[in-house]
Structure formats: structure tokens, C-alpha cells
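Throughout the sequence shown, residue numbering follows mature numbering (1 follows the signal peptide of the UniProt record, and there is no 0), covering -23 to -1, 1 to 212 in sequence.
All C-beta atoms, glycine included, are put in the ideal place defined by N, C-alpha and C.
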Amino acid sequence: MKKTLLAASLAATTLFSASSAFAVDSVELKVIGTISPVACTPALSGGGSIDYGDIKADTLKQDDYTVLDEKTLNFTITCDGNAKVAVKVVNGRTNTLAGSTENPLSGAGKTPTGVTLTTGDAAYGLGLAGSAKIGGYGIALGTPTADGTAVDSIYKSADASVTTWAKGAAKSSLTTSTDQLTLTSWATSGTLVPVALKALAGTLSVQAYINKASALDMTKPTKLDGLATLELVYL
């Protein structure tokens, strides 16, 4: 009887030990990580500021618009991986364009009769002086390169239903039509397909015009106050 009890006791001990061994003889493997989208950063030289300095009142035309010189900044887009991107312009000074009216779809209006800008015929407002519209300005991008290779500017409507791109000019207005919001991208020369890039460089051109002096109060300083945001769109 004692042998039987002893054997049972030993068997139970052995089973317990084996169970303990199985319990600790395993380890979990986890496979984790995060898929992060490519991020791109746009930049403008000079802090993104176009400064026309001190404009003498007696240099402005009394009853006509005065077109100022074209000014340029370096424009770059830097990505941490290959990405297809486009840029659109968001007007920060709506309803201030002198001599014309902005279309709410694009935020831009056509330059008034008699005003010719090197940046095209779309313009944005320069803010208000009291209730008077100060003027307008256009924006264009030229000499674009993607990863060091010359590329063509291409554009289309920002409307998602529009999928066809068109070739832009060598100095391409960032608003090709005031009737719609424009997306501007870049393609290998001779094609109309946005290219994936890590670095884009180009020259951003801005040209402004001032309202008729007769429409402004020339007895007070008037500050040009144009503001636009160049916003990236991932394609």
C-alpha cells in the first residue's frame, strides 16, 4: 500500500514538473512597424517675401494702373522619398484685386484691361487701404528641375473628376484659368504624367501692379499686403 501511494506521489510530481517546463518553454514573436507616407516640404528663398521697397507716389499713374518690375524667388520642394506632388495657390487676400473680380473657385481674377504681366493674365489682390483696392500680382514658375533634370510644367483642374494634364509654358502661371483652381505638377520632358521626385527646384516669378493713383489716398503711406499660400497636393 505504501508503494502504491509513493508511486502515485512520484507520478504527480513528475507531471507537475513537466507542465511547468512546457509553460515557460515558449516565447511570443511580434512583428510591428509603421508605414509612413512620404513627406515633402516646400520652401521659398528670402523667407517667401517679395519686397518692392519704397514706391514714390509721384511715380504712379494718376488714371491708369502702374505695372511694377518682375521679382523672383527660388522655389524648392524636398521629399524624404520619391513622391508625385502638385502645388496649388490659396489666396489670402480675397476680394481685394484692383480693376477685376476674383472667381471664388480659383481665388484669382483676370488682370484688368491694359495690364500685362509676365506671369500671365491671372492675378491676386494686394490688400486694402481703407476700402480702396491697392492693386494685384501674378505668380508663375519657371526653369523647373526634378532631381537635377529639367522637366516640363504640367497643369490641370483641381477637380478630382478631371484626370487629364496639359503642358504649361516655360514660365507657367500657377493659375492657368481663373475659372478653376489649378494644380501644377511636373513631368519628364515630352510627357504629361507627373514624375515621382525627391527634389524639385525652380524660379518663382511675381509681378505686381498698383491701382490708379486717383483711387488711392496719396496723402498716407500705403502698404502692399499680398498674401498667398502655395499648398502641396500629393497625387
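Could you give the uninterrupted runs of the beta strand (DSSP E) lying entirely in the stretch 114 to 145, keeping only those of 3 residues or more? As far as the stretch 114 to 145 is concerned, its whole beta strand (DSSP E) runs of at least 3 residues are 126 to 134.
Using C-beta distances below 6 Å, list every residue in its chain close to cysteine 56, excluding the 5 sequence neighbours before and after it, in chain order. For the purposes of this step, residue 56 is identified with residue 79 of the sequence shown, where counting begins at 1. Val15, Cys17, Lys175.
Measure the beta-carbon distance from serine 182 to threonine 49 and round it to whole angstroms, keeping in mind my assumption that it falls under 8 Å. Sequence index remark: in the sequence shown, residue 182 carries index 205 (1-based). Sequence index remark: in the sequence shown, residue 49 carries index 72 (1-based). Right, the Cβ-Cβ distance comes to about 5 Å (below 8 Å), so this counts as a contact.
Going by C-alpha to C-alpha distance, which of Thr155, Thr140, Thr161, Asp156 sits closest to serine 130? Looking up residue 130 in the sequence shown gives position 153. Put simply, of Thr155, Thr140, Thr161, Asp156 the residue whose alpha carbon is nearest the alpha carbon of serine 130 is Thr161.
Spatial distance of threonine 79 from alanine 185 (CA atoms): As a working note, residue 79 is residue 102 in the sequence shown. As a working note, residue 185 is residue 208 in the sequence shown. The displayed chain sequence assigns glutamate, not threonine, to residue 79. For glutamate 79 and alanine 185, the distance between alpha carbons rounds to 16 Å.
Can you tell me whether aspartate 35 is helix, strand or coil according to DSSP? As a position in the sequence shown, residue 35 is number 58, starting the count at 1. Helix at aspartate 35.
Assuming contact is defined by CB atoms lying nearer than 7 Å, are leucine 209 and valine 64 in contact in what I supplied? Numbered from 1 along the sequence shown, position 232 holds the residue referred to as residue 209. Numbered from 1 along the sequence shown, position 87 holds the residue referred to as residue 64. It is a contact, given that the beta carbons lie within the stated cut-off.
Segment contact, 8 Å Cβ cut-off, at least three pairs: the stretch 93 to 101 with the stretch 164 to 180: Contact between the stretch 93 to 101 and the stretch 164 to 180 is absent, because fewer than three Cβ pairs lie under 8 Å.
Inter-stretch contact at 8 Å, needing at least 3 Cβ pairs: the stretch 143 to 151 / the stretch 104 to 117: Taking a cut-off of 8 Å for Cβ pairs, the stretch 143 to 151 and the stretch 104 to 117 touch, as three or more such pairs fall below it.
Thinking C-beta only, is leucine 158 closer than 7 Å to residue 248? Look at the range of the chain in this structure, -23 to 212, and you will see that residue 248 is not part of it.
Quick check on the burial criterion: 16 or more other C-beta atoms within 10 angstroms. Buried or exposed for isoleucine 111? Indexing the sequence shown from 1 puts residue 111 at position 134. By the neighbour-count rule (16 or more Cβ atoms within 10 Å), isoleucine 111 is buried.
Which residues does DSSP pair with isoleucine 12 in a beta bridge? Within the sequence shown, numbered from 1, the residue matching residue 12 stands at position 35. In the DSSP assignment, no residue is bridged to isoleucine 12.
N-terminal and C-terminal residue of the beta strand (DSSP E) that glutamate 47 is part of: Sequence index remark: in the sequence shown, residue 47 carries index 70 (1-based). Taken as a continuous stretch (DSSP letters only), the beta strand (DSSP E) holding glutamate 47 covers 43 to 60.
Would you tell me roughly how many angstroms separate the C-alpha atoms of aspartate 2 and valine 8, rounded to the nearest one? Here the question's residue 2 lines up with position 25 in the sequence shown. Here the question's residue 8 lines up with position 31 in the sequence shown. If you draw a straight line from the Cα of aspartate 2 to the Cα of valine 8, it is about 20 Å long.
Can you tell me the Cβ-Cβ gap for alanine 34 and alanine 192, rounded? I've got them flagged as a contact below 8 Å. Reading the sequence shown from its first residue, position 57 is the one you call residue 34. Reading the sequence shown from its first residue, position 215 is the one you call residue 192. The pair is not a contact, with the Cβ atoms about 13 Å apart (cut-off 8 Å).
Can you look up alanine -6 in the DSSP assignment and give me helix, strand or coil? Numbered from its first residue, the sequence shown carries residue -6 at position 18. Legend: pLDDT at alanine -6 = 47, less than 50; position of this residue unreliable, value from coordinates given subsequently. Helix at alanine -6.
6 Å CB neighbourhood of glutamine 39 in its chain, flanking five on each side removed: Counting from one through the sequence shown, the residue named residue 39 turns up at place 62. Answer for glutamine 39: Ala190, Ser191, listed in chain order.
Run through DSSP, which three-state label would alanine 173 get? Position 196 of the sequence shown, counting from 1, holds the residue named residue 173. If DSSP states are grouped into helix, strand and coil, alanine 173 belongs with coil.
Helix or strand or just coil, what does DSSP make of glycine 24? Residue mapping note: residue 24 aligns to position 47 of the sequence shown, counting from 1. In the three-state scheme derived from DSSP, where H, G and I count as helix and E and B as strand, glycine 24 is classed as helix.
Roughly how many angstroms lie between the CA atoms of threonine 141 and aspartate 31, to the nearest whole one? Residue numbering aside, residue 141 sits at position 164 when the sequence shown is read from its first letter. Residue numbering aside, residue 31 sits at position 54 when the sequence shown is read from its first letter. Taking the straight line from one Cα to the other gives about 44 Å.
Does the separation of the CB atoms of alanine 60 and asparagine 188 fall below 7 Å? The residue you call residue 60 lines up with position 83 of the sequence shown. The residue you call residue 188 lines up with position 211 of the sequence shown. No. Outside cutoff.
According to DSSP, is serine 191 part of a helix, a strand, or is it coil? Counting from 1 along the sequence shown, the entry for residue 191 is found at position 214. Note: serine 191 maps to helix in three-state DSSP.
Beta-carbon gap between threonine 54 and proline 19 smaller than 7 Å: Walking along the sequence shown from the start, residue 54 turns up at place 77. Walking along the sequence shown from the start, residue 19 turns up at place 42. According to the sequence shown, residue 54 is isoleucine rather than threonine. Yes, the pair counts as a contact, with Cβ atoms nearer than the cut-off.
Please classify asparagine 68: does DSSP put it in a helix, a strand, or coil? Within the sequence shown, numbered from 1, the residue matching residue 68 stands at position 91. In the structure shown, asparagine 68 sits in a strand (DSSP, three-state: E or B).
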